[in-house]
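Undergrad: The sequence shown begins at 2 in the numbering used here and counts up one residue at a time.
From the three backbone atoms N, C-alpha and C, an ideal C-beta is built for every residue, glycine too.
Predicted model, so just to flag it, every value in this text is computed and none were measured.
The following block contains the structure, expressed as structure tokens.
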Amino acid sequence: MEDEEERLLRLVALRNADSIFLARQRAEQELVRVRDSLQAKTDALARSLATTQAMLEERDRARAEADTARTAAQAANEAKGRFVSMVSHELRTPLGAIGGYASLLDEEIHGALSKDQRKYIARIRHNQQHLLRLVDELLDLAKIESGQFPLKVDGFPVQLVVESVRTMIEPQIRASDLRFEVLSFDTALSVMADRERVEQIALNLVANAVKFTPAGGTITISATATAKEAFLHVRDTGPGIPADKAEEVFQPFVQIHSQTANTNPGTGLGLAISRELARAMHGDLSVKTEPGGGSTFTLYLPRVG
2 MEDEEERLLR LVALRNADSI FLARQRAEQE LVRVRDSLQA KTDALARSLA TTQAMLEERD
62 RARAEADTAR TAAQAANEAK GRFVSMVSHE LRTPLGAIGG YASLLDEEIH GALSKDQRKY
122 IARIRHNQQH LLRLVDELLD LAKIESGQFP LKVDGFPVQL VVESVRTMIE PQIRASDLRF
182 EVLSFDTALS VMADRERVEQ IALNLVANAV KFTPAGGTIT ISATATAKEA FLHVRDTGPG
242 IPADKAEEVF QPFVQIHSQT ANTNPGTGLG LAISRELARA MHGDLSVKTE PGGGSTFTLY
302 LPRVG
């Protein structure tokens, strides 16, 4: 009986030992699996941290390069502004003298002038005035780009600008055999901007329309608005602008020549200055056009009320 009990006890002990061995083996295998998984995650985290560190270093380098480039651009812009200002003032004196001498000759102080001589003097004065305008516009553009252009921002009705432009442009409209129409709009519509500069932009847009609209054509000015913005539209029935050239007209010295132009080419700075002025007043200037379908220039400005 005792032998049987011992045998059973040994059998139970062996079975327990096998179970313990198997459990330990499984535990060791699970431990290896968890260790390998943790190692893989640790390696992945290390790679991620290295990538993040590299990205942060690249960001810092990019920021430093951007700061350096911005500083250099600002310095170059200021240097350009000083240079343009100096050259402009240096050119004004001889140009003024040329105009003065041309006026003296035109007054026949030194004797009567022939028809051809008067024609030559007229050409001298015309080109002298053209160069003076170019000097003034170059100086304005340099000041605007450097942020040194003074603006007197206040609220005023758009109607005042429209009426002022109509009065100033009327002689050119008649001389060019064109029609000038003002579409009805809310006369109380007001904007927050520099009135003198808004008139400058609007007059430039209408003068450009006169230049490129053939006789018998129509120039239309109108105004619309949203809750926060007011829009002044100047539309002409001229030849339009090729689609690939539409944005180029806002670049300095770019002129889109047309056989229908009624006057000599301008300085090529008017639209560039107009857009810069609009943006300086927290607005913008855009154009919609198609060849043969005329052009519509739109001035965006912050609305009052």
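Smallest Cα separation from T153: which of V192, V211 and K212?
TA: According to the sequence as given, residue 153 is Lys; it is not Thr. When each option's Cα is compared against that of K153, the closest is V192.
Undergrad: Please look up how many angstroms separate the CB atoms of A231 and L302, rounded, as I've assumed it's under 8 Å.
TA: 5 Å
Undergrad: Below 8 Å, can you find three or more Cβ-Cβ pairs linking the region 123-141 to the region 84-100?
TA: yes
Undergrad: Who does A226 pair with in a DSSP beta bridge?
TA: A231
Undergrad: So, L270 versus V235, is the Cβ gap smaller than 9 Å?
TA: By the CB criterion at 9 Å, L270 and V235 fall outside the cutoff.
Undergrad: Please classify S20: does DSSP put it in a helix, a strand, or coil?
TA: helix
Undergrad: Out of curiosity, what's the CA-to-CA distance linking S185 and G101?
TA: 45 Å
Undergrad: Residues in its own chain within less than 7 Å of L190 by CB, not counting five upstream and five downstream?
TA: P158, V159, A224, A226 and A231
Undergrad: Taking 9 Å as the cut-off, decide whether the C-beta atoms of V168 and I242 are in contact.
TA: Looking at the sequence shown, residue 168 is not Val but Thr. No. Outside cutoff.
Undergrad: What are the boundary residues of the alpha helix (DSSP H) that includes L310?
TA: This structure gives no information on residue 310, because the portion of the chain shown stretches from 2 to 306.
Undergrad: Any idea if K246 is buried or exposed, counting beta-carbon neighbours within 10 angstroms, 16 or more meaning buried?
TA: exposed
Undergrad: Alpha carbon to alpha carbon, how far is R276 from G284? Give it in angstroms, no decimals.
TA: Taking the CA atoms as reference points, G284 sits about 9 Å from R276.
Undergrad: Is E182 helix, strand or coil by DSSP?
TA: strand
Undergrad: Going by CA-CA distance only, name the one from G295, D137, L272 and R60 that's closest to T214.
TA: G295
Undergrad: Should G239 be labelled buried (16 or more other beta-carbon atoms within 10 Å of its own) or exposed?
TA: A residue is called buried once 16 or more other Cβ atoms fall within 10 Å of its Cβ, and G239 is buried on that count.
Undergrad: Kindly provide the ranges of any alpha helix (DSSP H) runs that are 4 or more residues long and lie completely inside the region 42-81, ordered along the chain.
TA: List check, alpha helix (DSSP H) in window: nothing returned.
Undergrad: Straight-line CA distance for T219 to E182?
TA: Their Cα atoms are separated by approximately 7 Å.
Undergrad: Pull up the CB-CB distance for A203 and V162, whole angstroms please, since I reckon it's below 8 Å.
TA: Yes, they are in contact, since the Cβ atoms of A203 and V162 sit about 5 Å apart, within 8 Å.
Undergrad: State the start and end residues of the unbroken beta strand (DSSP E) segment that holds F157.
TA: Boundaries of the beta strand (DSSP E) harbouring F157: V154 to P158, taken from the DSSP string.
Undergrad: Should Q260 go down as buried or exposed, given a rule of 16 or more other Cβ atoms within 10 Å for buried?
TA: Below a pLDDT of 50, predicted positions are generally treated as unreliable, and Q260, at 48, falls in that range; no measurement from the model is reported.
Undergrad: Since D178 and G217 should fall inside the 8 Å C-beta cutoff, what is the C-beta to C-beta distance between them, to a whole number of angstroms?
TA: Indeed, because the Cβ distance is near 6 Å, the residues count as touching under 8 Å.
Undergrad: Please name the residue in P172, F22, N128 and Q26 whose C-alpha comes closest to that of G97.
TA: Looking at the Cα atoms, N128 is the closest of the given residues.
Undergrad: Going straight from the alpha carbon of R198 to that of G112, what length do you get?
TA: 44 Å
Undergrad: Need the endpoints of the alpha helix (DSSP H) that D137 sits in, please.
TA: K116 to E146
Undergrad: Determine the contact status of V250 and L272, defining contact as a CB-CB distance below 9 Å.
TA: yes
Undergrad: Give every residue of the same chain whose Cβ lies closer than 7 Å to the Cβ of S86, excluding the five residues on either side of it in the sequence, and list them in chain order.
TA: L140 and A143
Undergrad: Do A65 and F150 have their beta-carbon atoms positioned less than 9 Å apart in this structure?
TA: no
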